[in-house]
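For reference, the structure is listed below as structure tokens.
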Amino acid sequence: MRCPYCHYEQSRVLDTTHDQRGGIRRRRECEKCGQRFSTYERAILATPLVVKRDGTREEFDREKLMRGIRIACAKRPVSAAEIERLVGEIESSLQQMGRAEVSSRVVGDMVIAGLKELDQLAYIRYAIVYLNLNDLHAIRKEIDRLLEGS
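Residue numbers 1 to 150, in full-length UniProt numbering, belong to the letters of the sequence shown in order.
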């Protein structure tokens, strides 16, 4: 692994931990400059193509999903680690389905369910776009549904 500070090729592993999704986190130290850094390894499993509403297909894009969730969680007390965990869970669920294609609706439903548990205001922000809540009455209905479930 190349050092991100001095780009030296050799580093030594100080610590290795495993997470529940099968990833491996390694704490490393550069043998040249002595700086410490972490690396994360995870298996590359095939993710299905996402079939959009208009019938077009595109590769699952982890970063695109992360951006959408970050926008919904902007200025909310949701940590980057929680967002990363949610995206990881969604990606893992899609991979475990073992299907070549999946509807964008399935991905959106997973995001909605995750945000509902993570932060209710972020959920409402995402739901306004995803569920096409285009007037105040529809938004109020969704908020009332949330309050009834609490």
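No residue lacks a Cβ here, since even glycine has one placed at the ideal position from N, Cα and C. None of the values given here were measured: they were computed from a predicted structure.
Per DSSP, the bridge partner or partners of residue i
i: Y40; result: R25
i: T16; result: R26
i: S103; result: V51
i: R57; result: V51
Buried or exposed by the 16-neighbour rule on C-beta atoms within 10 Å, applied to residue i
i: Y5; result: exposed
i: R28; result: buried
i: E59; result: exposed
i: A122; result: buried
i: L14; result: exposed
i: I69; result: buried
Straight-line Cα distance separating residue j from residue i
i: A74; j: Y130; result: 17 angstroms
i: L118; j: K32; result: 42 angstroms
i: I139; j: Q120; result: 13 angstroms
i: R25; j: F37; result: 11 angstroms
i: C30; j: E9; result: 8 angstroms
i: D109; j: I124; result: 13 angstroms
i: G7; j: K64; result: Note that residue 7 corresponds to His in the displayed sequence, not to Gly. For H7 and K64, the distance between alpha carbons rounds to 29 angstroms.
i: L147; j: K141; result: 10 angstroms
Minimum C-alpha distance to residue i - residue among the options
i: G98; options: A46, E9, R26, R36; result: A46
i: K52; options: A43, R2, L121, R105; result: R105
i: R42; options: S92, E148, K116, V13; result: S92
i: I112; options: N134, I83, Q96, H137; result: I83
i: R76; options: Q35, L115, D109, R26; result: L115
i: S11; options: D19, Q35, H137, H18; result: Q35
i: D19; options: G88, D135, S103, I128; result: G88
Contact check, residue i vs residue j, beta carbons under 8 angstroms
i: Y126; j: A80; result: no
i: T39; j: M1; result: yes
i: L49; j: R57; result: yes
i: I90; j: V78; result: no
Cβ-heavy atom distance, residue i to the ligand MG, below 7 angstroms
i: A72; result: Although the ligand MG was asked about, the structure shown includes no ligands whatsoever.
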